[in-house]
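For what it's worth, my numbering labels the leading residue of the sequence shown as 2, then goes sequentially. Just so it is clear, CB atoms sit at the ideal spot from N, CA and C, and this is done for glycine as well. Okay, structure first, notes after.
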Amino acid sequence: MAIDSKCNHSKKVLDIVIPVYNDNPYLLGTLTSIFKQQLPNDWCFHVYIVDDGSEVPVSLDIPKENTSTVSLVRLEKNSGCSVARNQGAIAGNGEVILFLDADCSLAKASALALLLKEYEKGYDVCFGQIYAPQGDFWAKYQNEVARDRADRFYEGEHSSMTTQVFMVRRNKFKSVGGFDESYHFGFEDRDLFLSLIKIGAKISLAEKVVVNHNDQLSLSSVVKKLYGAGKNSSTRFIEKYPDEYSKLAYIKADVRYSPYLLKSLVILIKPMLPALVGMLERCITRTILPYSISKVLVKYVSGLYYLQGTYETKKGFNKG
């Protein structure tokens, strides 16, 4: 049974910020996993659900005993995850903020306590680990990506993780200005982590803090996000962190860095991309190809969409 998490003046507060756009069928499960958390006696939490301008306003159907621990923040228009997360952080005043995606449920009741233990050791930022439990191609793919990010973290690349589950000391978050709201989706996580690293934030990874990523991915949704990241967010990131961008694999699929060869490839391949996605989607769904081959094809097709996005960026871009 969870320890009483309700806040009073004697307790330290952990604010939990969850951005949502349109109906999310996993939100209730995520909230339920939070309500089950066993916090240390001197801590409590408050959850801020940020409705990022949903077409149909998000409604909460939660047990009556938990209503006092949840607030709903509504934004008039869809402004992107950076704005939504910032607004959720502004709504609270806890000394620590946990950012959590709506489709990520805490796997064990000890998750928040383990994160707070890292905070009390003196860490300013602490990441959890992502696990996809579905058992299909996309689950295996995501789990490999999560393992790779963790490996790179241990090798010193502390900006390799994601905002799906991470906790940050409020005063550090405020000192870097929160998320850069120029980003709608893509690179906003790495940008924030680099900003925190730049001011000397102490960062840890608590791999025992696991969240189940419950969303059902598709190739169409993946390539759409990569196209948007290439077209929109990448320009801002390059302006701020050109040296960091040059170290990332994205640069290999950026037309601005190899204009003659890659521009020709974009023009040649663009008409074929939708059919290619549809064909590969069917192969993945029906398990026609071995996982190893499908994985490589997904990476290449995703790269082509990112490439197309960089090709369609606004004119006047300067690599610096």
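{"Query": "Cβ-Cβ distance between Thr31 and Ala103 below 8 Å", "Result": "yes"}
{"Query": "Buried/exposed call for Leu262, threshold 16 Cβ in 10 Å", "Result": "exposed"}
{"Query": "Stretch pair the segment 242-249 + the segment 280-291: three plus CB contacts closer than 8 Å", "Result": "no"}
{"Query": "Cβ pair Val278, Val256 closer than 8 Å", "Result": "no"}
{"Query": "Segments of 4+ residues assigned as alpha helix (DSSP H) that fall wholly inside the segment 128-156", "Result": "138-155"}
{"Query": "Best match in Ile270, Arg191, Lys271 for proximity to Phe238 [C-alpha to C-alpha]", "Result": "Arg191"}
{"Query": "Under 8 Å between C-beta atoms of Gly151 and Tyr132", "Result": "Checking the sequence, you will find Ala at residue 151 rather than Gly. Going by C-beta atoms, Ala151 is not nearer than 8 Å to Tyr132."}
{"Query": "Local conformation of Pro58 per DSSP, three classes", "Result": "coil"}
{"Query": "Whole-angstrom C-beta distance between Ile50 and Val74, which should lie under 8 Å", "Result": "7 Å"}
{"Query": "Buried or exposed by the 16-neighbour rule on C-beta atoms within 10 Å, applied to Phe138", "Result": "buried"}
{"Query": "contact_flag[the segment 116-125, the segment 144-163] where n(CB pairs < 8 Å) is 3 or more", "Result": "no"}
{"Query": "Same chain only: Cβ atoms within 6 Å of Met2, ignoring 5 sequence neighbours per side", "Result": "In this prediction, Met2 has a pLDDT of 33, which is less than 50 and means its spatial position is unreliable; what the coordinates show is noted afterwards. No residues qualify anywhere along the chain."}
{"Query": "Ser72 - containing beta strand (DSSP E), residue span", "Result": "71-76"}
{"Query": "Leu113 beta carbon less than 8 Å from that of Phe46", "Result": "yes"}
{"Query": "C-alpha distance - Ser83 paired with Thr163, whole-angstrom precision", "Result": "13 Å"}
{"Query": "Candidates Lys37, Leu61, Ser55, of which the one nearest Leu28 by Cα", "Result": "Leu61"}
{"Query": "Where the beta strand (DSSP E) through Met280 begins and ends", "Result": "No beta strand (DSSP E) contains Met280, which is instead part of the alpha helix (DSSP H) from 274-286."}
{"Query": "Candidates Ser106, Tyr120, Pro64, Asn79, of which the one nearest Pro41 by Cα", "Result": "Tyr120"}
{"Query": "Candidates Met168, Lys253, Tyr306, Tyr242: closest to Met273 by CA position", "Result": "Tyr306"}
{"Query": "Residue from Val169, Val211, Met168 whose Cα sits closest to the Cα of Ser111", "Result": "Val211"}
{"Query": "4 or more residues per run - each alpha helix (DSSP H) lying fully within the segment 74-122", "Result": "82-92, 112-121"}
{"Query": "For Glu66 and Lys264, the rounded distance between their alpha carbons", "Result": "58 Å"}
{"Query": "Rounded separation between Asn1 and Ser161 - CA only", "Result": "Given a span of 2 to 321 for the chain in the structure shown, any question on residue 1 remains unanswerable."}
{"Query": "Simplified DSSP state of Pro20, which is helix, strand or coil", "Result": "strand"}
{"Query": "Residue range of the unbroken alpha helix (DSSP H) whose run includes Ala192", "Result": "Strictly speaking, residue 192 in this sequence is Asp, with Ala absent from that position. Segment 189-199, the alpha helix (DSSP H) holding Asp192."}
{"Query": "Straight-line gap, Asn233 to Tyr184 (C-alpha atoms, nearest Å)", "Result": "8 Å"}
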